[in-house]
Amino acid sequence: MASVLVAGGTRGLGRELAQFYAGQGRDVVITGRDAAAAAACAAEIGGSTRGIGLDLAEPESIAERLADVGDVEFLVLAAIERDTNTVKDYDIAAAMRLVTLKIVGYTEVIHALLPRMGEGSAVLIYGGLARDRPYPGSTTVTTVNGAVTGLVRTLVIELAPRRVNALHPAIVGDSPQWRDMPAERFEALVARTPTGRLVTMEQVVDASRFLLENEAINGINLPVDGGWLCT
Ligand SMILES: NC(=O)c1ccc[n+]([C@@H]2O[C@H](COP(=O)([O-])OP(=O)(O)OC[C@H]3O[C@@H](n4cnc5c(N)ncnc54)[C@H](OP(=O)(O)O)[C@@H]3O)[C@@H](O)[C@H]2O)c1
Numbered sequence: 077m078a079s080v081l082v083a084g085g086t087r088g089l090g091r092e093l094a095q096f097y098a099g100q101g102r103d104v105v106i107t108g109r110d111a112a113a114a115a116a117c118a119a120e121i122g123g124s125t126r127g128i129g130l131d132l133a134e135p136e137s138i139a140e141r142l143a144d145v146g147d148v149e150f151l152v153l154a155a156i157e158r159d160t161n162t163v164k165d166y167d168i169a170a171a172m173r174l175v176t177l178k179i180v181g182y183t184e185v186i187h188a189l190l191p192r193m194g195e196g197s198a199v200l201i202y203g204g205l206a207r208d209r210p211y212p213g214s215t216t217v218t219t220v221n222g223a224v225t226g227l228v229r230t231l232v233i234e235l236a237p238r239r240v241n242a243l244h245p246a247i248v249g250d251s252p253q254w255r256d257m258p259a260e261r262f263e264a265l266v267a268r269t270p271t272g273r274l275v276t277m278e279q280v281v282d283a284s285r286f287l288l289e290n291e292a293i294n295g296i297n298l299p300v301d302g303g304w305l306c307t
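Numbering (this note's numbering), first residue to last: 77 to 307.
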């Protein structure tokens with residue numbers, strides 16, 4: 077069976093999804109920036125998982141790094157290098173890395189793997205709620221998450237009949253990025269949610285599976301936010 081490839085599968089939400097599919101007995105490929113670290117992470121995940129090192133912010137090198145990957149059924153693009161950036165104190169280098177990674181790097185991964193993706197395959201791109209709810213310093217993050225929406229629209233047409241969807245999580249409370257935040261910050265965030273709780277990694281995995289596996293779902297940008305956008 078063709079594999080599940082998770083770009084940005086060495087940590088956080090991508091790793092959680094890779095772990096799920098490995099547990100289902102699927103062949104899984106994860107990527108991170110460092111080949112040895114990605115291989116070590118693949119060994120921890122177990123099953124039939126392998127790790128590849130590639131830098132999405134250096135798109136020219138991506139095709140070569142993916143050259144020996146076989147057929148791919150589910151392609152998940154989850155990597156991020158967080159960039160806290162405002163227009164007032166604009167850091168061009170940090171902005172360039174994130175914009176390149178998310179927009180050109182993600183697209184180049186698809187381009188490189190496309191000949192190995194059959195008609196029933198599906199792509200899932202991770203954006204985030206910063207698309208609609210900016211916060212101080214989110215200028216580049218908000219911009220690239222908005223671009224994810226545009227990317228989905230054009231890829232649905234270009235990659236047809238393959239399916240393409242995106243998922244836009246709110247703050248995932250038990251993800252490595254957030255789980256060690258100070259208790260008062262956590263409580264303040266929870267107080268802003270209609271449900272009285274933050275989204276979990278398990279819920280993001282469940283939503284990811286829906287977008288990847290349900291063959292009727294195509295061209296969707298799905299907020300996974302517990303209703304945060306209604307507030
Ligand atoms: N966590 C949340 O609450 C949350 C909320 C909203 C949206 N999201 C979105 O969900 C996705 C996953 O977030 P996360 O919090 O799970 O991320 P994370 O824990 O920070 O993990 C980031 C992943 O991206 C990889 N990566 C970073 N820079 C890379 C580069 N230049 N080239 C290739 N790979 C690179 C990392 O691999 P190495 O470190 O091994 O290189 C790692 O696997 C992101 O797109 C993020 O915007 C997350």
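In this text, a Cβ means the ideal position worked out from N, Cα and C, and glycines have one as well. Bear in mind that the values here come from a model prediction, so they are computed numbers and not experimental data.
Worksheet item: alanine 292 to arginine 229, Cα distance in whole Å?
Response: Looking up residue 292 in the sequence shown gives position 216. Looking up residue 229 in the sequence shown gives position 153. About 16 Å.
Discussion item. Nearest by alpha-carbon distance to leucine 205: which of Gly222, Arg192, Arg91 and His187 is it?
Written reply: Your numbering for residue 205 matches position 129 in the sequence shown. Ranking the options by Cα distance to leucine 205, first place goes to Gly222.
Worksheet entry | For threonine 107, the first and last residue of its enclosing beta strand (DSSP E) | The residue given as residue 107 occupies position 31 in the sequence shown. Its beta strand (DSSP E) spans residues 104 to 108.
Discussion item. Looking at ligand 1, does it come within less than 7 Å of proline 252, judged from the CB to the closest heavy atom?
Written reply: What you label residue 252 is simply residue 176 of the sequence shown in a count that begins at 1. Yes.
Item to complete: Pick out the complete beta strand (DSSP E) segments inside the segment 112 to 179, 3 residues or longer, and give them in chain order.
Response: 125 to 129 and 148 to 153
Practice prompt. Measure the CB-CB distance between leucine 265 and isoleucine 201 and report whether it falls below 8 Å.
Written response: Counted from its first residue, the sequence shown places residue 265 at position 189. Counted from its first residue, the sequence shown places residue 201 at position 125. No, Cβ-Cβ distance for leucine 265 and isoleucine 201 is not below 8 Å.
Worksheet item: Which class does isoleucine 247 belong to by DSSP, given the choice of helix, strand or coil?
Response: Numbered from its first residue, the sequence shown carries residue 247 at position 171. Here isoleucine 247 sits in coil by DSSP.
Worksheet item: Just the Cα atoms here: how many angstroms apart are threonine 218 and glutamate 92?
Response: As a working mapping, residue 218 is identified with position 142 in the sequence shown. As a working mapping, residue 92 is identified with position 16 in the sequence shown. Approximately 24 Å between the Cα atoms of the pair.
Worksheet item: Is it true that the CB of alanine 171 sits closer than 8 Å to the CB of asparagine 161?
Response: As a position in the sequence shown, residue 161 is number 85, starting the count at 1. As a position in the sequence shown, residue 171 is number 95, starting the count at 1. Their beta carbons are under 8 Å apart, which means asparagine 161 touches alanine 171 by this criterion.
Item to complete: Could you tell me the distance, in whole angstroms, from the CA atom of asparagine 241 to the CA atom of asparagine 294?
Response: The residue given as residue 241 occupies position 165 in the sequence shown. The residue given as residue 294 occupies position 218 in the sequence shown. Straight-line Cα distance between these residues: approximately 6 Å.
Item to complete: Tell me asparagine 241's beta-bridge partners as DSSP assigns them.
Response: Reading the sequence shown from its first residue, position 165 is the one you call residue 241. Note: asparagine 241 sits in a beta bridge opposite Leu200.
Worksheet entry | Beta-carbon proximity check, alanine 155 vs glycine 129, cutoff 8 Å | The count along the sequence shown starts at 1 and reaches residue 155 at position 79. The count along the sequence shown starts at 1 and reaches residue 129 at position 53. No; because the gap between Cβ atoms is not below 8 Å, this pair is not in contact.
Practice prompt. Report yes or no: do three or more beta-carbon pairs, one from the segment 118 to 126 and one from the segment 102 to 110, lie closer than 8 Å?
Written response: yes
Worksheet entry | Length-filtered (4 minimum) alpha helix (DSSP H) runs lying within the segment 248 to 300 | 259 to 267 and 277 to 289
Worksheet item: Whole-angstrom Cβ separation of arginine 238 and glutamate 195, contact assumed at under 8 Å?
Response: The residue you call residue 238 lines up with position 162 of the sequence shown. The residue you call residue 195 lines up with position 119 of the sequence shown. So it is a contact: roughly 7 Å between Cβ atoms.
Worksheet item: Is leucine 89 near ligand 1, in the sense that its beta carbon is under 7 Å from a heavy atom of that ligand?
Response: As a position in the sequence shown, residue 89 is number 13, starting the count at 1. Because some heavy atom of ligand 1 lies under 7 Å away, the Cβ of leucine 89 counts as near it: yes.
Discussion item. In whole angstroms, give me the CA-to-CA distance for serine 197 and proline 210.
Written reply: Here residue 197 corresponds to residue number 121 of the sequence shown, with the count starting at 1. Here residue 210 corresponds to residue number 134 of the sequence shown, with the count starting at 1. Cα to Cα, the separation comes out at about 33 Å.
Discussion item. Let me check understanding here. Comparing Cα to Cα, which of Gly108, Gly99 and Gln100 lies closest to threonine 86?
Written reply: The residue you call residue 86 lines up with position 10 of the sequence shown. For threonine 86, the nearest C-alpha among the options comes from Gly108.
Worksheet entry | Minimum C-alpha distance to threonine 176 - residue among Pro135, Val232 and Gln279 | Within the sequence shown, residue 176 is the residue found at index 100, counting from 1. Checking every option, the nearest Cα to that of threonine 176 belongs to Pro135.
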